[in-house]
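Residue numbers (our numbering), protein chains in the order written: chain G, 869 to 1017; chain Y, 6 to 394. We put the beta carbon where it would ideally sit given N, CA and C, even for glycine.
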């Protein structure tokens, strides 16, 4: 019995180490807006309000255009867990339910690649998105308003 | 001797030459080994940079391609079609009911963005695989089964993200389940007992939706005017109209709560006032949902009575699995004794994908009325969502 418990403890330890190391391995994610946006910083709760449609417009009244990465993207996993406190699949299900019932006020548009999000945020003044930090370093066309480590 | 000395000399020369060559080789070896390594390193670095550049270009191409496709899809999309379908096998010990397969729903949603601010939204529901046959010579229906139902059809005007106006048939905005009940996204196949009972399922009329924030809370409101239950299409049978409202406050930390109200005079002249309160708490893997609804009924020829009910449902997500349990309670009349109906439901869901869900459900129904036998029901179902959601 003791040996069995030891094995369980060992396996749990290994699983925890793997889980922690996988979290540590995730690249930092930058929340980005258009350079012309007057907003300089957004707290995690403000980003959450935007991504849950509790905030629909920027302070100047311009409508917010929300971009999401696909559910399999590692940056989305980090963003979803940190900002929304749920897995990407669960969030996708909730949006699907809102969209199918036509109750979604301002659903995020899902883009397959981070490049697409960067391009959209560069082009659209009201856009917000998130990508891996390394992809937008030294990019003057977008503004980083929050960084998730 | 000469030969020997020659041989020695030769050996010396040979040995010296070998030593020089060896020393030269030894001294030359590290230099010649380091250089290729450095060179290789430089080449690898160059290749890495090239690779990065190619990757960046590929992503740019991909983005352009996606953008083009996106633009084309908007241009060419005539009507966006989505929906859901579910099929099940149910077994029960209820008298008069048999176990069997059921093609429960096929619901199709057609959405058309007519103009930037105008949209047409339609839900056509085919329940129990409808089949209608007519006699060729007359218009009489020879046989029929299932239901075809325009569950929703409205024209929406949405000039801003925070408000819109809907004219047509819509799901009566009341509580949670009346709006959010589609099989791929709810854990049980059976609905709470109070659903469609205290508030009407759909309303034909006009609805104004508005969202705003109050301090840290987001509030969603709906007010509507409708024909009243049982008065669909152009079949309004009385002058009085139904009116209702719903408010939902999205509080912080995953808690939202709200109230619903609806008032109508039905075709039999019974004045009905429905009230509801709902609560939803979702935190991490837990989700709790509860609704209470009551309705006062004032018929002309009999005493007033109240019918009321509530349910509480808890869900727990474990990766692809979801466990759910619900308790239902319904009292059809405050004037009658021994008429309570309670239901205990347990369900396990497996999410094959975010739009494909397998469900196993078991429920037990019990009645206060001794003439009504308690019964149990088991359901195994697959529900899928279709379309680009």
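Counting only Cβ-Cβ distances below 7 Å, residue 223(Y) has contacts in chain G at 922, in chain order. For residue 67(Y), the chain G residues whose C-beta falls within less than 9 Å of its own C-beta are 980, 981, 983 and 984, listed in chain order.
Contact check for residue 324(Y) against residue 287(Y) fails: the beta carbons are separated by 8 Å or more. In chain order, 192, 327, 362 and 364 place their CB closer than 6 Å to the CB of residue 354(Y), counting only its own chain and leaving out the 5 sequence neighbours on each side. The secondary-structure analysis by DSSP pairs residue 45(Y) with nothing; it has no beta-bridge partner. Going by beta carbons, residue 190(Y) and residue 964(G) fall inside the 8 Å limit. Within the same chain, no Cβ atom closer than 7 Å to the Cβ of residue 940(G) is found once the five residues on either side in sequence are excluded. For residue 266(Y), DSSP records a beta bridge to 250(Y) and 280(Y). For residue 373(Y), the CB contacts under 7 Å within the same chain, skipping 5 residues up- and downstream, are 343, 344 and 345 in chain order.
In the DSSP assignment, residue 119(Y) falls within the unbroken beta strand (DSSP E) covering 105-120. Taking 8 Å as the threshold, the shortest C-beta distance from residue 970(G) to chain Y falls below it. In the structure shown, residue 903(G) falls within a coil segment according to DSSP collapsed to helix, strand and coil. Contact between residue 357(Y) and residue 321(Y) is ruled out by a C-beta separation of about 19 Å, above the 8 Å threshold. Beta-bridge partners of residue 931(G) (DSSP): 925(G).
For a cut-off of 8 Å, the C-beta gap from residue 990(G) to residue 902(G) is around 7 Å, short enough to register as a contact.
The distance from the Cβ of residue 110(Y) to that of residue 180(Y) is about 21 Å, inconsistent with a contact at the 8 Å cut-off. Using a CB distance below 7 Å, the part of the region 124-148 of chain Y facing chain G consists of 126, ordered along the chain.
In this structure, the straight-line span from the alpha carbon of residue 204(Y) to that of residue 119(Y) is close to 31 Å.
Per DSSP, the continuous beta strand (DSSP E) segment holding residue 297(Y) begins and ends at 291-303.
Nearest to residue 298(Y) by alpha-carbon distance, out of 319(Y), 309(Y) and 336(Y), is 336(Y). Of the residues assessed, residue 177(Y) falls on the buried side of the cut-off, its CB having 16 or more other CB atoms within 10 angstroms.
Secondary structure of residue 203(Y) (DSSP, three-state): coil.
Residue 89(Y) sits close to residue 391(Y), with the two beta carbons spaced by under 8 Å.
Per DSSP, reduced to three states, the secondary structure at residue 955(G) is coil, with no helix or strand assignment. Residues of chain Y whose Cβ lies closer than 7 Å to the Cβ of residue 961(G) are, in chain order, 190 and 359. Contacts with chain G (Cβ-Cβ distance below 7 Å) from the region 367-393 of chain Y involve 390, listed in chain order. Comparing alpha-carbon positions, the option among 366(Y), 230(Y) and 254(Y) lying closest to residue 220(Y) turns out to be 254(Y). Scanning chain Y for C-beta atoms nearer than 7 Å to the C-beta of residue 958(G) yields 322, reported in chain order.
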